[in-house]
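Going down the list, the protein sequences come from chains A and B. Start counting the first sequence at 10; every next residue gets the next number (the working numbering). Start counting the second sequence at 242; every next residue gets the next number (the working numbering). Each residue gets a CB set at the ideal place from its N, CA and C atoms; glycine is no exception. Note that the structure is a prediction, hence the values are computed from the model and not measured. Written out below as structure tokens is the structure these notes cover.
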Amino acid sequence: MTLDFLRLSWRGIKTRKARSILTVSGIVIGVAAVAALISIAQGMQLTIKREFEAIGYDTILAFPGQAPQGMEGMPGRMRPLFFGGGREEGATLDLGRLSQLPQVEAVGAIRTETAIVTSPGLEGQGFLRVTGLNPGITQSFPGYFAGFSLAEGRYFEEGELFSVILGPKVAEDLGVSLGGKITIENQEFEVIGILEESESRGMLRGLSGDPNYGIYLPLAAVDSLFGEPGKISLALVKAAEGADVKQTAQLVRQAMTMAGTPVTTTTVQEMAEMATRIMSSLQTTLAAIAAISLLVGAIGVMNTMYTAVLERVREIGIMKAVGAKRKHILGLFLLESGLVGLIGGLLGVIVGAALSSVAGRFIASSVTMGRAVTGEFSFSPVFSAGLIIGALALSFGLGALAGVWPAQRAARLNPVEALRYE
Amino acid sequence: MVELVDVVKTYKLGKTEVWALRGVSLKVEEAEFITIMGPSGSGKSTLLHVIGCLDKPDEGKVYLAGQEVSVLSEDRLAELRGKFVGFVFQTFNLVPTLSTLENVELPMIFQGMPRRRRLARAEELLERVGLGKRLRHLPAELSGGERQRVAIARALVNDPELILADEPTGNLDSASGAQVMGIIKELNEQHGKTLIVVTHDPEVASYAHRTIHIRDGRILETSAEVKA
Ligand SMILES: Nc1ncnc2c1ncn2[C@@H]1O[C@H](COP(=O)(O)OP(=O)(O)OP(=O)(O)O)[C@@H](O)[C@H]1O
Ligand SMILES: [Mg+2]
Numbered sequence: 010m011t012l013d014f015l016r017l018s019w020r021g022i023k024t025r026k027a028r029s030i031l032t033v034s035g036i037v038i039g040v041a042a043v044a045a046l047i048s049i050a051q052g053m054q055l056t057i058k059r060e061f062e063a064i065g066y067d068t069i070l071a072f073p074g075q076a077p078q079g080m081e082g083m084p085g086r087m088r089p090l091f092f093g094g095g096r097e098e099g100a101t102l103d104l105g106r107l108s109q110l111p112q113v114e115a116v117g118a119i120r121t122e123t124a125i126v127t128s129p130g131l132e133g134q135g136f137l138r139v140t141g142l143n144p145g146i147t148q149s150f151p152g153y154f155a156g157f158s159l160a161e162g163r164y165f166e167e168g169e170l171f172s173v174i175l176g177p178k179v180a181e182d183l184g185v186s187l188g189g190k191i192t193i194e195n196q197e198f199e200v201i202g203i204l205e206e207s208e209s210r211g212m213l214r215g216l217s218g219d220p221n222y223g224i225y226l227p228l229a230a231v232d233s234l235f236g237e238p239g240k241i242s243l244a245l246v247k248a249a250e251g252a253d254v255k256q257t258a259q260l261v262r263q264a265m266t267m268a269g270t271p272v273t274t275t276t277v278q279e280m281a282e283m284a285t286r287i288m289s290s291l292q293t294t295l296a297a298i299a300a301i302s303l304l305v306g307a308i309g310v311m312n313t314m315y316t317a318v319l320e321r322v323r324e325i326g327i328m329k330a331v332g333a334k335r336k337h338i339l340g341l342f343l344l345e346s347g348l349v350g351l352i353g354g355l356l357g358v359i360v361g362a363a364l365s366s367v368a369g370r371f372i373a374s375s376v377t378m379g380r381a382v383t384g385e386f387s388f389s390p391v392f393s394a395g396l397i398i399g400a401l402a403l404s405f406g407l408g409a410l411a412g413v414w415p416a417q418r419a420a421r422l423n424p425v426e427a428l429r430y431e
Numbered sequence: 242m243v244e245l246v247d248v249v250k251t252y253k254l255g256k257t258e259v260w261a262l263r264g265v266s267l268k269v270e271e272a273e274f275i276t277i278m279g280p281s282g283s284g285k286s287t288l289l290h291v292i293g294c295l296d297k298p299d300e301g302k303v304y305l306a307g308q309e310v311s312v313l314s315e316d317r318l319a320e321l322r323g324k325f326v327g328f329v330f331q332t333f334n335l336v337p338t339l340s341t342l343e344n345v346e347l348p349m350i351f352q353g354m355p356r357r358r359r360l361a362r363a364e365e366l367l368e369r370v371g372l373g374k375r376l377r378h379l380p381a382e383l384s385g386g387e388r389q390r391v392a393i394a395r396a397l398v399n400d401p402e403l404i405l406a407d408e409p410t411g412n413l414d415s416a417s418g419a420q421v422m423g424i425i426k427e428l429n430e431q432h433g434k435t436l437i438v439v440t441h442d443p444e445v446a447s448y449a450h451r452t453i454h455i456r457d458g459r460i461l462e463t464s465a466e467v468k469a
């Protein structure tokens, strides 16, 4: 019975090919927009989750200084994280206090300064940013330094002082290779490692700069060149296993406040939450726009079905004369408009998938959201089975809904009048 | 089989009322074959529609097989139309987008009959009206006579007791008309169906047991013809 009705409805759609195609396109556009947006949003969320997971949810970032008024939720120093702003002033922190906390497993210190750099292969001198890393930071925070991998050479060893690891681009600019020498603030350094070239820019670019141009020194070397030992631009704190990360962050703030050097903390968890918040508000706006295009599509279906009813008044009369009840006529037209919706949905999902994969590639190449220091940025839209089924159900439902009014009109027609209709 | 008591039917055309039937009483026995004749606009089609449950009378009562149908709901009337009545129209009234076979299948779909049985039944009836080789044709690809035979096959699929035909030969040449009337007459003679045929054609009326004359919505006289 249902199958027969499907056949009859399909016949109705087929006999009005041109208009059906136009009507279907209205739905296609709407569904494609919705499906593409959702899949991109889901892909984004997955990427955010994966990226932050890679850094590790047990990681706390501590910045010297207090958060500006009213910005406690999002420290001013967070801005460079997301918008690639300039470098921040540091302050002297007694990180030893943090290591003593039982909730803290490891502490890492990063100090960035701008230094006069010369090298035999460089004419004149460069005014470049150098980054001091405390020994062992790359091992303690493997997630944060996930992309920080050497093309050649080795990492710093304990107690090592005047050694430098260079990004591949800056090494080229300076005209040095592994084992070569460069001078930073009148001190000679030996190049002990060169990083692999990384294509994507790091999420924490604002603090560490583009790793391709990075000049990394042992923290002690930066201290000895610039004085103020203990001055830190950013401290990384890893919460011990089992410790509550939020609580640990609070303890870190308390400890540093007591030491007279307050810090602002951000946990990876908070960063992830904030990113998700930004994402979801963006998503809501876009979804509203997509919903409007779907609505327009549905109105198109309604219009087509209304004309179809007018065109087929006589046919409706015939069907009634041979025994069709109201529910049969109603079902026939609802099924037809639902089918138009479903076809639109099916094509919409396909177009949406194509659209989102193109958009996804564009996003991947333009958004900076890679791993901390370097690392591949990987993003792909998520086209889940749930999304496909949901889109199809939605488009069928919407089509059927758009057909309710025309179908009711059809079902209510008086058979004799319908048969007389020219 | 069919009984009408003081049936009144009016149509409103703007402010004026058109009286299509002004108190019609009529009795048709089972397996009877009657024709209805009268000038254009006299109410013949209206009468047929009221008998066939396509329309409800404004006043009066209509009985089919002893049951009063003028009080039934629209869906019950649809059911009766499907099971008990078969219509044949002057303008054939086939669905233009459906093939011969599908047009004949249509009434059985609304009865919820399974496809296999429907196809067998439709083919059997089309064979009977001489259209066994036209199953896939669309109505537009058939001659008038052929279309009317499809309509007859469609009217018969649910094996109705009552067959109502509204000028079935009105749009046909005399040869096709004779063929169609041959089939219709056979339904009464060989299958015992009750037949009510509206016609302008005395030739057609000559097949019937009885002819009712109607004018201005009233029955004038009944001329009974003795058929051998
Ligand atoms: N839907 C309608 N609205 C208004 N008037 C109608 C309607 N249907 C029928 N009539 C009127 O009712 C009267 C009877 O119409 P009906 O169709 O029954 O006549 P008829 O005898 O079948 O005529 P014909 O031989 O031309 O088919 C006519 O005057 C007609 O104009
Ligand atoms: Mg008429």
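Cβ-Cβ distance between residue i and residue j below 8 Å
i        : j        : result
B/Val329 : B/Ile277 : no
A/Met328 : B/Leu347 : yes
B/Lys434 : B/Tyr448 : no
B/Phe351 : A/His337 : yes
A/Leu170 : A/Ala230 : yes
A/Thr270 : A/Thr101 : yes
A/Gly354 : A/Phe405 : yes
B/Ser457 : B/Thr410 : For clarity, residue 457 of chain B is Asp in the given sequence; the question names Ser instead. Not in contact: B/Asp457 and B/Thr410 (Cβ atoms no closer than 8 Å).
A/Phe165 : A/Pro151 : no
B/Arg375 : B/Glu387 : yes
B/Val370 : B/Ile424 : yes
B/Asp299 : B/Lys253 : no
B/Thr338 : A/Thr11  : no
A/Ala330 : A/Leu428 : yes
A/Phe392 : A/Ser29  : no
Residue i CB to nearest heavy atom of ligand 2 below 7 Å
i        : result
B/Asp407 : yes
B/Lys285 : yes
Nearest-angstrom Cβ-Cβ length linking residue i and residue j, presumed shorter than 8 Å
i        : j        : result
A/Ile125 : A/Glu194 : 6 Å
A/Ile133 : A/Leu183 : Residue identity check: residue 133 of chain A is Gly in the sequence provided, not Ile. About 12 Å separates the two Cβ atoms, so there is no contact after all.
A/Met314 : A/Ser346 : 5 Å
A/Arg418 : A/Val318 : 6 Å
A/Ile203 : A/Glu161 : 5 Å
A/Val358 : A/Ala44  : 5 Å
A/Glu114 : A/Lys247 : 5 Å
A/Leu104 : A/Ala244 : 6 Å
A/Lys190 : A/Glu181 : About 16 Å separates the two Cβ atoms, so there is no contact after all.
A/Arg120 : A/Ser289 : Contact doesn't hold; Cβ gap of about 36 Å is too wide.
A/Gly39  : A/Ser389 : No, A/Gly39 and A/Ser389 are not in contact; Cβ-Cβ is about 24 Å, not under 8 Å.
B/Val326 : B/Pro401 : 5 Å
A/Leu15  : A/Leu344 : 6 Å
Residue i to residue j span [Cα, whole Å]
i        : j        : result
A/Pro424 : B/Asn344 : 18 Å
A/Leu71  : A/Asn221 : In the sequence as displayed, the identity of residue 71 of chain A is Ala instead of Leu. One C-alpha to the other measures close to 25 Å.
A/Pro227 : A/Ile64  : 22 Å
A/Ala362 : A/Ile372 : 15 Å
A/Val305 : B/Leu318 : 39 Å
A/Glu199 : A/Val185 : 10 Å
B/Val312 : B/Ala396 : 24 Å
B/Thr332 : A/Ala411 : 33 Å
A/Asp13  : A/Lys334 : 15 Å
A/Leu175 : A/Val37  : 52 Å
B/Glu368 : B/Ser417 : 17 Å
A/Ala284 : A/Gln54  : 9 Å
B/Leu436 : A/Ala402 : 50 Å
Closer than 7 Å: residue i CB and nearest ligand 1 heavy atom
i        : result
B/Ala261 : yes
B/Leu254 : yes
B/Gly282 : yes
B/Arg395 : no
A/Arg429 : yes
B/Gly418 : no
B/Glu300 : no
B/Gly279 : yes
Within the stretch 145 to 205 of chain A, ranges of the beta strand (DSSP E) (whole runs, at least 3 residues): Runs of the beta strand (DSSP E) lying entirely within the stretch 145 to 205 of chain A, each at least 3 residues long, are 159 to 162, 172 to 175, 190 to 193 and 196 to 204 in chain order.
Every unbroken beta strand (DSSP E) within the stretch 302 to 361 of chain B, with a cutoff of 3 residues, ordered by chain: Here the runs fully enclosed are 326 to 329.
Going along the chain, which unbroken runs of the alpha helix (DSSP H) with 4 or more residues stay wholly within the stretch 230 to 289 of chain A? With a minimum length of 4 residues, the continuous alpha helix (DSSP H) runs that stay inside the stretch 230 to 289 of chain A are 254 to 267.
Can you list the beta strand (DSSP E) stretches of 3 or more residues lying completely in the stretch 431 to 455 of chain B, in chain order? Segments of the beta strand (DSSP E) lying fully in the stretch 431 to 455 of chain B: 435 to 439.
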